[in-house]
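Chains as they are written, first to last, in this note's numbering: chain X, 2 to 257; chain L, 180 to 900.
Glycine included, C-beta positions come from ideal geometry on N, C-alpha and C.
Written out below as structure tokens is the structure these notes cover.
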Ligand code: SF4
Ligand code: SF4
């Protein structure tokens, strides 16, 4: 089985994010970039499938800050090949549609059975990426996947449904899956292995030229929600007083 | 021979040619068995992996804390061994019994060797060459020989009796062989107990029969007056007479008891390399080659590997160490993991490795081994070193507190081996999820809290004076805070207090702001060597951007790695702990603290005390503040770990029966003190929780030494009682 995992870099959410002067993007200058945690789950699921069935795992990502780190880590964890797609400006925000187009342009020349990516990301909470990829590549797509069992021509996917239910479906290959969680927590890549990968591994680069750049979504405004003042009450005082107040509130709502 | 004129004695019981032949034959067989074992074991050590550099051969490795990181020279090792210093150190009575036995048997061994030199070598050779039998075993030499070596016999007897008595009647935890990690399917250590008994009781029987045959011989010879020099035998002989053993009877008993004695002694010699008795040779050798620095400066992984995963990875010193273990159980008794109910006992760790190595190398131990109904762990043939022989949870339970290394009478270094095995677990990615995320946080943001690196200096907010940026301005002291003092809400205010104290005393100091990274002491001890190296590079880079003369740290863990490990990566600045800085302020009279008059106790942090031998400085500060220090039973080098070290603070501890920190607080509870003084941020966090668990947070207050200091040097009370 040939599996491709699409990964993306995001600002580490532990950073205090600020909006840039134009109000169209976060200020990227001093922020640390890390890989999207759902993409990490997608990679883990791919590596688990590789362990179980034997597969080749290719990881592909756009040229974004610190992406090399993520790709080397993927090699250290057991990916067979890592590809960096160049051609985009690494310091600007690539929205989901453009991201999908760039990935699809590369994947058009690749033969693959499964394409895995995170079901969402901090800048893609509506989980568009996998869906757009499915339609651009004209292959079946499933989202919110929490488990994949594969054979040569089909996969069974377990999806999270509402109300605590799980659904199992079967998809013909090739297919695109938006991964919500892997069967196990993403494995740890020891730094010495990552460093080894840096010395011996290779990131292959692939330039992607998009024909129609003007057709992209334009961000008009990015901003933290303004507080309306009416919503939340901030509890003030010492931890003891705050705790007492919380208990009062819980009691007054009749919860205990 | 003119007996009666010449003071000497016959050597063999009956001195027939047949008896001699039998004896020599036996001796040859015994020596063959002994040397087979000896050679097998030495070859086995020689198989060990030689670390790439020759540092293991170098005798000296000068540093500024000689007692702990300078390799003992041979002379000092010899003194340690000769005086049984390490045996006596923590247990006087046992140590002295051992010392008597030790020198007693060395004396008896010398006596036998001299006799053999005279009779077997000189006697036989001279007869063969010249036809006459020469001997120096007569006259004044004979008399002096007996007088001196009878003393050795008595010393050995007293020592052995005391030790046998202890083996039989002591209920101490160190003599309890119950495993800390219980294998599924059960186990039995009956053979180990039998091995112990065979060893000590065997020695006792050899001694008793030896002394008896001396008495019987003198009795049988009718008490020649010069035999008074053989005072012990003479007295025993007289005693035998009062028991009614006459001259003839004595000769008859002597004839066969001599063979019993000689038979047992020979059997014992043959038994040595195949049993616990091997420690008689292995342990002193181990003490002579040990390197006190190894635990303070964890060695690199084997060349081309990330950690230990095969028998070939152990160094000769480690292999020798396994064989040196006498199962004294001292490490078992003091280990905080074992005390807390974790599946780790440093004794069992060493014994398991020993049994596994012996098994893999086909060197049988006759007794002294564990048996299991279902072969598993070290007893199974096919298991992995890390995971089967030593299970993951055992390795993860270690706090690297070093109490085991400190107390081990034979100089075994458990901690570096545990770390080497942990490295393989990290390489396989097998670890607690909480540890994994701590390591990931450290890798991305340089701190275990997962906070943004840019938030590192947030604790300085609210100070009414600026903290100098050492990257922009020269300072005398560079303050390296560490993660807890920078990010933990409770500890940030203590960092502020220290800053205020230093500022008020006019100390020139600065920090690295967002360039400081976790120093990596515990990262290294968790077994994540690659991350440790990365942190060292980042911190060294930060140091190179700054201008300073010395470093001081808040965290003793940071202190240890900066002081002992960073120099080999190029750090050449003195490193202090903040308690030392407080002492400097006090004793150079930069500040004049008022007397607080409190009753306090003080907890020695492992990495400050045991690791770096800073015991007196914090105590001097406490005394200088006019506090009355009441010591806990376990203090100084025997301090009991809070349970946070070696990365344990990042792992789940809910499986412990009683957290080490709780155990420690209970120890302090009975002292009648109001304050539990700490000098380590992790201690502050651990013990603040522990006093709540015990429910005495109102009567025993955990306080950092700098808070006391601030209270005594400032007008306003910072701390409410
Ligand atoms: S270092 Fe401490 S916790 Fe680890 S084995 Fe030794 S005594 Fe136990
Ligand atoms: S390792 Fe050392 S302290 Fe522990 S049982 Fe063996 S000899 Fe004793």
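Exercise. If we cut at 9 Å on Cβ distances, does residue 140 of chain L have a partner in chain X?
Worked result: Residue 140 of chain L lies beyond the residue range present for chain L, which begins at 180 and ends at 900; the question has no answer from this structure.
Exercise. Residue 561 of chain L: buried (16+ other C-beta within 10 angstroms of its C-beta) or exposed?
Worked result: By the beta-carbon neighbour count (other beta carbons within 10 angstroms, threshold 16), residue 561 of chain L is exposed.
For this session: Find the residues of chain L that neighbour residue 15 of chain X, judging by a C-beta separation of less than 7 Å, and give them in chain order.
Result: The contacting residues are 624, 629, 630, 631.
Exercise. Whose C-beta lies closer than 6 Å to the C-beta of residue 804 of chain L among residues of the same chain, with five residues either side of it excluded?
Worked result: 772, 775, 887, 891.
Exercise. Per DSSP, what kind of secondary structure is residue 555 of chain L in: helix, strand or coil?
Worked result: Correct three-state label for residue 555 of chain L: coil.
For this session: Under 8 Å by Cβ, that's how I've got residue 415 of chain L and residue 428 of chain L pegged, so tell me the actual separation to the nearest angstrom.
Result: So it is not a contact: roughly 14 Å between Cβ atoms.
For this session: Closer than 8 Å by C-beta to residue 488 of chain L: which residues in its own chain qualify, once you throw out the five before and the five after it? Chain order, please.
Result: Once the five neighbours on either side are set aside, the close Cβ partners of residue 488 of chain L are 563, 564, 565, 603.
Exercise. Opposite residue 535 of chain L in the DSSP bridges: which residues?
Worked result: Residue 535 of chain L is bridged by DSSP to nothing; it lacks a bridge partner.
Exercise. Which partner residues does residue 8 of chain X have in the DSSP bridge list?
Worked result: Under DSSP, residue 8 of chain X shares a beta bridge with X/62.
Problem set entry | Local Cβ density within 10 Å of residue 241 of chain L, reported as buried at 16 or more and exposed below that | Bear in mind that a pLDDT of 38 at residue 241 of chain L, under 50, signals an unreliable position, so the model cannot answer this.
Exercise. Under three-state DSSP, which class holds residue 743 of chain L?
Worked result: Annotated three-state conformation of residue 743 of chain L is helix, per DSSP.
Exercise. To the nearest whole angstrom, what separates the beta carbons of residue 684 of chain L and residue 755 of chain L, a pair I think is in contact under 8 Å?
Worked result: Residue 684 of chain L to residue 755 of chain L, Cβ: 15 Å. No contact.
Exercise. Which chain L residues sit within Cβ distance under 8 Å of residue 35 of chain X?
Worked result: Around residue 35 of chain X, the beta-carbon contacts reaching into chain L at under 8 Å are 623.
Problem set entry | Per-residue DSSP class, three states only, for residue 646 of chain L | For residue 646 of chain L, the three-state secondary structure derived from DSSP is coil.
Problem set entry | CA-to-CA distance, residue 663 of chain L to residue 635 of chain L, given in whole angstroms | Each residue's Cα considered, the two are about 10 Å apart.
For this session: Return the CA-CA distance between residue 104 of chain X and residue 134 of chain X, expressed in angstroms with no decimal places.
Result: C-alpha separation (whole angstroms): 8 Å.
Exercise. What does residue 606 of chain L touch in chain X if you count any residue whose Cβ is under 9 Å from its own?
Worked result: Residues of chain X whose Cβ lies closer than 9 Å to the Cβ of residue 606 of chain L are, in chain order, 191, 193, 194.
For this session: Verify whether the separation of the beta carbon atoms of residue 630 of chain L and residue 688 of chain L is less than 9 Å.
Result: Their beta carbons are not under 9 Å apart, which means residue 630 of chain L does not touch residue 688 of chain L by this criterion.
Problem set entry | Same chain, Cβ closer than 7 Å to residue 223 of chain L, five either side skipped, listed in chain order | 498, 540, 542.
Problem set entry | Cβ distance (whole Å) where residue 59 of chain X is taken to contact residue 81 of chain X below 8 Å | Taking C-beta atoms under 8 Å as the contact rule, residue 59 of chain X and residue 81 of chain X qualify, at a distance of about 7 Å.
Exercise. Just how far apart, CA to CA, sit residue 239 of chain L and residue 372 of chain L?
Worked result: Caution is warranted here: a pLDDT of 45 is assigned to residue 239 of chain L, below 50, making its placement in the model unreliable, and the coordinate value is therefore given only provisionally. Approximately 40 Å between the Cα atoms of the pair.
Problem set entry | ligand 1 heavy atom lying under 8 Å from the CB of residue 525 of chain L | Yes; taking the cut-off as 8 Å, the Cβ of residue 525 of chain L has a heavy atom of ligand 1 nearer than that.
For this session: Could you name the residues that DSSP lists as bridge partners for residue 82 of chain X?
Result: DSSP lists X/59 as the bridge partner or partners of residue 82 of chain X.
Problem set entry | Nearest residue (CA-CA) to residue 114 of chain X, options X/124, X/120, X/139, X/128 | Taking each of X/124, X/120, X/139, X/128 in turn and checking the Cα distance to residue 114 of chain X, the smallest one comes out for X/139.
For this session: For residue 119 of chain X, count neighbouring C-beta atoms within 10 Å of its own C-beta (all shown protein chains included) and say buried if the count is 16 or more, exposed if not.
Result: That one is buried.
Problem set entry | Coil, strand or helix - residue 160 of chain X by DSSP | DSSP places residue 160 of chain X in the strand class (E or B) of the three-state scheme.
For this session: Kindly examine ligand 1 and report whether one of its heavy atoms sits closer than 8 Å to the Cβ of residue 825 of chain L.
Result: Under cutoff, so the answer is yes.
Problem set entry | Limits of the alpha helix (DSSP H) - the one that residue 224 of chain L falls within | Its alpha helix (DSSP H) spans residues 196–226.
Problem set entry | Any non-hydrogen atom of ligand 1 within 8 Å of residue 269 of chain L CB | No, Cβ of residue 269 of chain L sits at least 8 Å from all heavy atoms of ligand 1.
Problem set entry | Contact list for the region 94–109 of chain X against chain L, Cβ threshold 7 Å | Of all residues in the region 94–109 of chain X, none is placed with a Cβ closer than 7 Å to any Cβ belonging to chain L.
Exercise. Are the C-beta atoms of residue 9 of chain X and some chain L residue less than 9 Å apart?
Worked result: At least 9 Å separates the CB of residue 9 of chain X from every CB of chain L.
Exercise. Taking Cβ-Cβ distances below 9 Å as the criterion, which residues of the region 435–468 of chain L are in contact with chain X?
Worked result: Under the 9 Å Cβ criterion, the region 435–468 of chain L contributes no residue.
For this session: Indicate whether at least one CB of chain L lies closer than 9 Å to the CB of residue 188 of chain X.
Result: Judged by the 9 Å Cβ criterion, residue 188 of chain X is in contact with chain L.
Exercise. For the alpha helix (DSSP H) that contains residue 193 of chain X, what are its first and last residues?
Worked result: Counting along the chain, the alpha helix (DSSP H) containing residue 193 of chain X begins and ends at 192–201.
Problem set entry | Contact list for the region 478–497 of chain L against chain X, Cβ threshold 9 Å | Listed by position along the chain: 480, 485.
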